[in-house]
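Visitor: In this note's numbering, the protein residues as written are 1 to 163. Just so it is clear, CB atoms sit at the ideal spot from N, CA and C, and this is done for glycine as well. The structure is given below, and queries will be raised subsequently.
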């Protein structure tokens, strides 16, 4: 039997909705190797964390969506335009990535809740996650979350009234 040494991971208190300058180029023995193709994100870019806070706390990996300052439309159904930290850009929801926290360079701020919700919607729509669930499944999941108090029924009703 071979003994495996546990690797230490970068302990960063990452939270959903926070934005970090992040390295996207693939790592090769501690150095960046440029093997990114065509329209894939490369080089350091800002990225918003979309993974849940339990994963962010317990795992060495997080799920992020990168930003770009290139404003020309590419996949408009996947893009969310933003004015994060007074800089115009777009969030590329078609490039959801799971990365190691070691790729984080520095904290840049927190995305506003309205823009984060729009990112979530674009990802759900783009991956057809809502369409893939039957109405009964959605209702059962909603009921489970209300029962376990993950969702506040009164707030949900108030939002329905706003629509």
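What is the DSSP secondary structure of residue 148, counted as helix, strand or coil?
Guide: Here residue 148 refers to the residue found at position 148 when the chain shown is read from its first residue. Here residue 148 sits in coil by DSSP.
Visitor: What are the start and end residues of the beta strand (DSSP E) that includes residue 21?
Guide: As a position in the chain shown, residue 21 is number 21, starting the count at 1. Its beta strand (DSSP E) spans residues 18-22.
Visitor: What span of residues does the beta strand (DSSP E) with residue 100 cover, start to end?
Guide: Here the question's residue 100 lines up with position 100 in the chain shown. 97-100 is the extent of the beta strand (DSSP E) around residue 100.
Visitor: Give every residue of the same chain whose Cβ lies closer than 6 angstroms to the Cβ of residue 23, excluding the five residues on either side of it in the sequence, and list them in chain order.
Guide: By 1-based counting over the chain shown, the position of residue 23 is 23. For residue 23, where only same-chain residues beyond five positions count, the Cβ hits under 6 angstroms are 44, 103.
Visitor: From the DSSP output, in three-state form, read off residue 44 for me.
Guide: Here the question's residue 44 lines up with position 44 in the chain shown. Three-state result, residue 44: coil.
Visitor: Give every residue of the same chain whose Cβ lies closer than 8 angstroms to the Cβ of residue 93, excluding the five residues on either side of it in the sequence, and list them in chain order.
Guide: Your numbering for residue 93 matches position 93 in the chain shown. Taken in chain order, the residues that qualify are 65, 78, 79, 80, 119, 122, 123, 126.
Visitor: Could you tell me the alpha carbon to alpha carbon distance between residue 107 and residue 50, rounded to whole angstroms?
Guide: In the chain shown, counting from the first residue as 1, residue 107 sits at position 107. In the chain shown, counting from the first residue as 1, residue 50 sits at position 50. Each residue's alpha carbon lies about 15 angstroms from the other.
Visitor: If you check the beta carbons only, do residue 144 and residue 136 fall under 9 angstroms apart?
Guide: For the purposes of this step, residue 144 is taken as the residue at position 144 of the chain shown. For the purposes of this step, residue 136 is taken as the residue at position 136 of the chain shown. Cβ atoms of residue 144 and residue 136: not closer than 9 angstroms.
Visitor: Going by beta carbon distance, what residues of the same chain come within less than 7 angstroms of residue 7, once the five residues before and after it are set aside?
Guide: Within the chain shown, numbered from 1, the residue matching residue 7 stands at position 7. Unreliable placement is indicated for residue 7, whose pLDDT of 42 sits below 50; the coordinate value is still reported in the next sentence. Result list for residue 7: empty, nothing under 7 angstroms.
Visitor: In or out: residue 18 buried (at least 16 other Cβ within 10 Å) or exposed?
Guide: Walking along the chain shown from the start, residue 18 turns up at place 18. The residue in question, residue 18, is buried, as its Cβ has 16 or more Cβ neighbours within 10 Å.
Visitor: Have a look at the DSSP bridge pairing and note the partners of residue 104.
Guide: Indexing the chain shown from 1 puts residue 104 at position 104. In DSSP, residue 104 forms a bridge with 22.
Visitor: Pick out whichever of 59, 146, 54 has its Cα sitting closest to the Cα of residue 101.
Guide: Your numbering for residue 101 matches position 101 in the chain shown. Per the Cα distances, 59.
Visitor: Of the choices 162, 70, 110, whose alpha-carbon is the least far from that of residue 21?
Guide: For the purposes of this step, residue 21 is taken as residue 21 along the chain shown, with counting starting at 1. When each option's Cα is compared against that of residue 21, the closest is 110.
Visitor: Restricting to Cα atoms, I'd like to know which of 16, 82, 161, 87 is closest to residue 52.
Guide: Within the chain shown, numbered from 1, the residue matching residue 52 stands at position 52. Answer by Cα proximity: 16.
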